[in-house]
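Q:
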């Protein structure tokens with residue numbers, strides 16, 4: 008349900024993830040969180056954060072949304088909060104992560120040009 012909510016939902020949820028899960032499963036969030044931790048060894052909140060960052064990476068790579076739009080879509084309160092969490096999980100800032108995509112594309116274009124007999128750079 009969390010993966011579906013974060014990765015596949017096109018609409019931005021109007022409620023917090025905890026409220027959504029509680030309502031969908033008709034269960035107290037504290038109970039769900041404790042059960043999740045017991046079974047997986049990780050907190051439910053950590054699982055949500057990791058999946059939000061995975062989704063953010065996809066959205067950054069697609070390049071269709073600004074960081075502000077990605078923050079809104081993934082329910083972050085602000086770009087700085089998102090950036091801090093992104094860096095904690097990936098070790099990179101969102102801006103640096105985005106720049107890696109550009110570098111790979113440039114490197115790939117250079118490789119293709121070299122294979123076609125064109126020399127660039």
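Residue numbers (this note's numbering): 8 to 128.
Ideal placement from N, C-alpha and C gives every residue a C-beta, glycine not left out.
#1: Please report the straight-line C-alpha distance between residue 16 and residue 8, rounded to a whole angstrom.
#2: Assign residue 77 to buried or exposed, taking buried as 16 or more other Cβ atoms, counted over all protein chains shown, within 10 Å of its Cβ.
#3: Around the C-beta of residue 101, are 16 or more other C-beta atoms found within 10 angstroms, so that it is buried, or is it exposed?
#4: If you draw a straight line from the alpha carbon of residue 41 to that of residue 64, how long is it in whole angstroms?
#5: Count the other CB atoms, across all protein chains shown, that sit within 10 Å of the CB of residue 107; report buried if there are 16 or more and exposed otherwise.
#6: Using CA atoms only, rank isn't needed, just tell me which of 25, 34, 31 is closest to residue 56.
#7: Should residue 97 and residue 67 be called a contact, given that it needs their Cβ atoms to be closer than 8 Å?
#8: Just reading off the alpha helix (DSSP H) that residue 88 is part of, what are its end residues?
#9: When the distance is taken between beta carbons, is residue 80 closer than 8 Å to residue 72?
#10: Among residues of its own chain, excluding the 5 on either side of residue 47, which ones have a beta-carbon nearer than 8 Å to its beta-carbon?
#11: When you compare only the Cα positions, how much space is there between residue 28 and residue 103?
A: Looking at the atomic coordinates:
#1: 10 Å
#2: buried
#3: buried
#4: 28 Å
#5: With fewer than 16 other Cβ atoms within 10 Å, it is exposed.
#6: 25
#7: no
#8: 86-97
#9: yes
#10: 54
#11: Using only the alpha carbons, I get a separation of about 33 Å.
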